[in-house]
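Counting in numbering that gives the first Met the number 0, the sequence shown runs from 0 upward without gaps.
For reference, the structure discussed in these notes is given below.
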Amino acid sequence: MKATFAAGCFWGVEALFRQVKGVNDTSVGYTGGNFENPTYEDVCSGKTGHVESIQIEYDSNEVSYDELLKIFWNNHDPTTPNQQGPDIGEQYRSVVFFHSKEQEDSAKALKENLQDGALKKFGRKIVTEILPASKFYGAEEYHQRYLEKNGLAKCSSKIN
0 MKATFAAGCF WGVEALFRQV KGVNDTSVGY TGGNFENPTY EDVCSGKTGH VESIQIEYDS
60 NEVSYDELLK IFWNNHDPTT PNQQGPDIGE QYRSVVFFHS KEQEDSAKAL KENLQDGALK
120 KFGRKIVTEI LPASKFYGAE EYHQRYLEKN GLAKCSSKIN
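Take a look at the structure:
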């Protein structure tokens, strides 16, 4: 099965999901935009509409999509439009890209269920977009498993 999320800088998000039992593979990249074959520099320009995202291949017998959604929402601030920690820009917005009607329904239901908690924790409502999955462009090789390759446990910015 496939899941695609955007929750800020993709390095930390990838490292987080790689630790989840049942996640077989991850790839960081760009999705949701209107520009073919974007590079990191293109996406950072803010002109492509893409977000830094992670595509996850998972075994639904070991981890459910709902469990992945909970990890997604519990490990970033879904109430800040176009920002995660010190990273600011449209490419850092919070998005669930669904691959099926079931994923869409699950994402919408969980988002609604988490609204009260978000108001208490952050003082704001969840602004995470829930959109149909579009073409995913894998990021440059040096971005794949970046933290692992560089011997880092996490990004310098805080992941909740």
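Just so it is clear, CB atoms sit at the ideal spot from N, CA and C, and this is done for glycine as well.
Pair within 8 Å by beta-carbon distance, residue i and residue j
i, j, result
"F135", "T30", "yes"
"I129", "E103", "yes"
"Q82", "G45", "no"
"Y39", "H142", "yes"
"F16", "D76", "no"
Chain-order list of residues whose beta-carbon lies under 6 Å from that of residue i (same chain, five-residue window excluded)
i, result
"A5", "V50, S52 and V94"
First and last residue of the uninterrupted alpha helix (DSSP H) at residue i
i, result
"L67", "Y64 to N73"
"V12", "F9 to R17"
"L113", "K100 to F121"
"E147", "Y145 to K148"
"V42", "Y39 to C43"
Euclidean distance between Cα positions of residue i and residue j
i, j, result
"G150", "A14", "12 Å"
"G28", "G137", "4 Å"
"S63", "W72", "15 Å"
Limits of the beta strand (DSSP E) - the one that residue i falls within
i, result
"Q54", "V50 to Y57"
"S93", "S93 to F97"
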